[in-house]
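Worksheet for the structure shown next.
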Amino acid sequence: MSLANETCEACRADAPQANEQQIALWHGDIPEWKLVEEDSVVKLQRQFSFTDFAAAMAFTEQVAELAESLGHHPALLTEWGKVTVTWWTHKIGGLHRNDFICAARTDLLTQP
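Sequential numbering of the sequence shown, starting at 1, is according to this note's numbering.
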């Protein structure tokens, strides 16, 4: 099953972070996403390109609607012609399966 078709589950503060094997497996489904580390927290990050600011802003709004519907919220940086989306699970200070699901669903927003 594709990550984009899976369901995000509520994550408890004591939920385990994804381990290296899980990250490698799930990352294979979303290869355009980079693993980045900020303040000792591993996150998923991707930059999307657009023709202008209005298109970037429209995409930002789509990601915001997705995040609200899932109850899971990324960091969003909207600039002229690009949007950087960063997913991680705040409660556990790292990556969870939900982050990979959300990244896969974010990718779907760019498809016609």
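From the three backbone atoms N, C-alpha and C, an ideal C-beta is built for every residue, glycine too.
Buried or exposed by the 16-neighbour rule on C-beta atoms within 10 Å, applied to residue i
i	result
Gly94	buried
Val85	buried
heavy atom of the ligand SAM below 8 Å from residue i C-beta
i	result
Glu9	Inclusion of the ligand SAM in the displayed structure is not the case, the ligand content being empty and no account of it being possible.
Neighbourhood of residue i by C-beta distance below 6 Å, restricted to the same chain and skipping five residues each side
i	result
Val83	Phe48, Ala56, Phe59, Thr60
Gln75	It should be noted that the sequence gives Ala, not Gln, for residue 75. Excluding sequence neighbours, Ala75 sits near Thr86.
Test item: CB-CB of residue i and residue j under 9 Å
i	j	result
Val36	Gln22	no
Cys70	Cys8	The amino acid at residue 70 is misidentified as Cys; the sequence shows Leu. Result yes, Cβ atoms of Leu70 and Cys8 sit closer than 9 Å.
Cys11	His73	no
Asp99	Ala4	no
Glu6	Arg97	yes
Sequence-distant residues of the same chain with beta carbon closer than 8 Å to residue i, five excluded per side
i	result
Trp80	Asp52, Phe53, Ala56
Leu66	Cys102, Arg105, Thr106, Leu109
Ala63	It is worth fixing the name first, because residue 63 is Val in this sequence and not Ala. Contacts found: Pro74, Leu76, Val83, Val85, Thr106, Leu109.
For residue j and residue i, believed in contact at Cβ under 8 Å, the rounded distance
i	j	result
Lys43	Trp87	7 Å
Ile92	Ala24	Wrong, their Cβ atoms sit about 19 Å apart, outside the cutoff.
Ser2	Asp29	7 Å
Cut-off 7 Å between Cβ atoms - residues of its own chain near residue i, not counting five sequence neighbours on either side
i	result
Thr89	Cys11, Leu95, His96, Asn98, Asp99
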